[in-house]
Each structure stands twice: as structure tokens, then as C-alpha cells.
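Protein chains in written order, with the numbering used here: chain A, 439 to 639; chain B, 30 to 301.
Here is the structure:
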């Protein structure tokens, strides 16, 4: 709650493009409110914005000051593994990276989601059907090593990408409860394990 | 139809064959090229023709409490004029005082001319009952604009306002994954898996996207209206469901059509 109040305070004094026309924005909110309905596991409230979502809803990023404030707040959401163990099974990680399933109104449960990594990232030497919205993660571990710093950063990035780039296109896999801690450990193994096809040809 | 299936299998085979020798990135490009090729092969015999033929029949069938046809329906170019009409939609209509896309305008005609209760559409599944009839009508009408140019009249203030609302909706982030339309369609030359993504902020991408829907989807053998297309975008965005014919769908349609203005209309399109 404190997080929301801080960002709201910054946003309140930041002139945004749509703020120039309060009446139009009021009409927009009314339009959005009247245009959606709950379906399946997706409740209508999901369309109401979090503060950072609102700040990142224009063609251009908000000011550096706003971005930094969002990143600082989002960084606080990251939970590192309590047992200090960051790596699971890369084979399971590959399945999670490949599956783009989950959290649509057609899905039966909000659990057992895919990570959808291949929608946007290149990862292994073998999978050709990768998207290009995100950067290539080919040979991720091989190129970056596995220092504590790199491992911790990578965990944080998977957990909540907005902590490092406020308006990142990447979902907050941990913070938004898209993936479980165990699933993220499997993804970590997929990125870092020397035997994973991400690193081994 | 069997011939088309054979062509599809052939194209899929070519994709598989090429996979043996090339580097991953070249392979990905090649697979995209092969999909484009099979689309070309099918283009001279679009399965939408069957749906459009049903729609043409339905247009002339007396239905509803008023037992009337849709032949006097005014889609913006005058009663009964279908040729080129959908290329100029969405449009501001004085008689309803609303900006309407093809589907909401057809709903108006069904209500006023035929006395059909279109609220049912909102409870009907795609491809079923009254919705299946709507899809046939849409296929018929948009076939009559094939080869025309996207030509939406942006002069009315109501259209200008809808454009601004549509632009806001396009960049509006929300849902479990923080996605907006722009997350996928707000940069040039990107793709999801192997699917190329048009940049819908720009003329070229918007014309390619808006100009090729409604479309027949080969992957599931369904004809999709623009309302259906936008509905599934929001599903994949992890949003709740946009209500059929709601203003957000029309605002987004105005944003896309206006950005694509002057581009070719190739409806019904043919999609993966």
C-alpha cells in the first residue's frame, strides 16, 4: 500500500500527456469501465491499473524521475529463495520456457502457468520458433558466468523485471504470481546449467 | 477444398524439410517465408467465399418481428449500398448519434429494420446461432470492399474523439501480465515465436493489420470478424472480456483504420 501512495504522489505532480485533457481522460475511464466484463478466471477488476501500469501507458516512457521511483518500489517486491538454492532442473525449465499458457479467460485455473519465454526470447541452440521482442538469451550462463551477482540479478529480473526497467514489456513472473518459486528455479537452471541447450550445442 | 488441404500439407512439409541444414535464425526466417508462400497458394481460393455466400443469402431473407430483409440497411453509403461500404467503416452515423463499426451498424439494421433483439449476440458463442449469422453477413459485406482502399472519414469531431480514446486504449497497460496492445504491436519488425507482428502505430502496419481483417483462419477453420479478432487480442493480453460491440472495440478500430487510411482493403483476409 505504501508503494502505491509514493508513486501516486510522484504521478500527481508529473504532467502526463493525457492529463492535459482531464475531461477526455474521464470519458476514457468511463468507456473502459463500461466495455469489459469478468469471464472465466479473469475478473473485471484486472483491467483497473496499478500506478506503474498507468505511468507506462503512453507511447513514450515517463520521465527518468518517475522511472526511478517505480524501479525502487518494484525492487522491494523481489523475494529471493529462502533456502538460498537458486537452481532447479533445466529440463523442466525448458518446458516452462516453451509454454505460453496461462491466465487467460479460457484457462481453468490461475495456477500451472507457462513462462512464455520463447514468445519473446531466443534461448536454446535448437529451438527456432522464438520471438524477438526481448533480447536473445542464447548462451546466457556461458557468456555471463555464475557469480552471485549475476545469479541474483537474473533471479530478480525473472521475479520482477520492472525493478530494472520500470516500463519493461516483461511480466512480473514472481511478483504477479504468474510462476511459482520452484518454476523460477527451473528457469534459472535452464539459463545457467552448462548442460542446458541454452549453453551447450 | 481437398486440393487446398493438400497444398497446406505440402507447405508444411517444405517447412519441415528445410529444418535439417540451416542455422537457427536462417531457419526461423525460412519458416516465416514458407508460411507466406502457403498463404499465397491459398489466396486464389479463400474459404471465406462459402461464408460470404451464406451471408449474401441471409441478407435477402425476411427475419425478425418485422419480417423484413436487410436490403435497405444503410452502412454509410445509403440504403442498400454494400459495394465499398466496409472500407469506409467505422463511421459517425447521425441517425444513431454514434461512431459504429460494421458489426454494431449491422446490429442497428437488424434492430430497426427487422426487429431482432441483438442483445442475444452478447450471450452467444462465436460461430453459433445468431453470431454465426452475423459472421456470414460480415463476410458478405467485407468481400464487397475487397480491392478498395481504407477510407475512413476523420472529419467529424466524434471520429477525432474516438481516435484519441482508441489511442489511449492501445497503450493502456493492465491485467496479470501488464500488457497493452502496444506491448506486441508498438515497435517495428518484431515477432512472437514465428509470428510477425505489425507495428499498429504506423501507417504500414496498421494498413496491413486493419486491411486484412475480417479473415478466414486456416489453423482453426473459422471465419473471424474484427470484433472476434479484438476479443482474442484482449484474451491473450490477459484482460477481462471486451463486451461485443463495446466502445473500446470501436475506439480501437477507429485508431487502426485511421492509421491505415489509404492502404489496400484485402478482405476477407487469410490467416494462419
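In this text, a Cβ means the ideal position worked out from N, Cα and C, and glycines have one as well. Please read all numbers here as calculations on a predicted model, not as lab measurements.
The C-beta of residue 471 of chain A has fewer than 16 other C-beta atoms within 10 Å across all chains shown, which makes the residue exposed.
Its chain contains 93, 94, 95 as the residues whose beta carbon lies nearer than 6 Å to that of residue 144 of chain B, once the 5 sequence neighbours on both sides are disregarded; these appear in chain order. By the neighbour-count criterion, in which a residue is buried when 16 or more other Cβ atoms sit within 10 angstroms of its Cβ, residue 217 of chain B is exposed. The C-beta distance from residue 629 of chain A to residue 568 of chain A rounds to 14 Å, too long to meet the 8 Å contact threshold. Under the criterion of beta carbons closer than 8 Å, residue 284 of chain B and residue 199 of chain B qualify as touching, at roughly 6 Å. Residue 472 of chain A belongs to the set of residues whose beta carbon lies under 9 Å from a beta carbon in chain B. In this structure, the beta-carbon distance from residue 601 of chain A to residue 515 of chain A falls below 9 Å. With a minimum length of 4 residues, the unbroken runs of alpha helix (DSSP H) contained wholly in the region 534-610 of chain A fall at 555-558, 578-582, 586-597. By the criterion of a C-beta distance shorter than 7 Å, residue 524 of chain A is surrounded in its chain by 589, 593, 623, 626, once the five residues flanking it on both sides are discounted.
Taking the CA atoms as reference points, residue 266 of chain B sits about 14 Å from residue 226 of chain B. Checking the DSSP bridge columns, you'll see residue 256 of chain B has no partner listed. Inter-residue distance for residue 547 of chain A and residue 616 of chain A is about 11 Å (C-alpha atoms, whole angstroms). Contact of residue 262 of chain B with chain A is not assigned, every C-beta pair being separated by 9 Å or more.
Here residue 506 of chain A is exposed, its C-beta having fewer than 16 other C-beta atoms within 10 Å. Put simply, the CB of residue 101 of chain B is far from chain A, with every gap to its CB atoms at 9 Å or more.
Annotated three-state conformation of residue 628 of chain A is helix, per DSSP. Below the 7 Å Cβ cutoff, chain B contributes no neighbours of residue 589 of chain A, its closest Cβ being approximately 25 Å away. The alpha-carbon of residue 550 of chain A is positioned some 34 Å away from that of residue 498 of chain A. Using beta-carbon distances, residue 122 of chain B does not count as an interface residue toward chain A, since no partner is under 9 Å.
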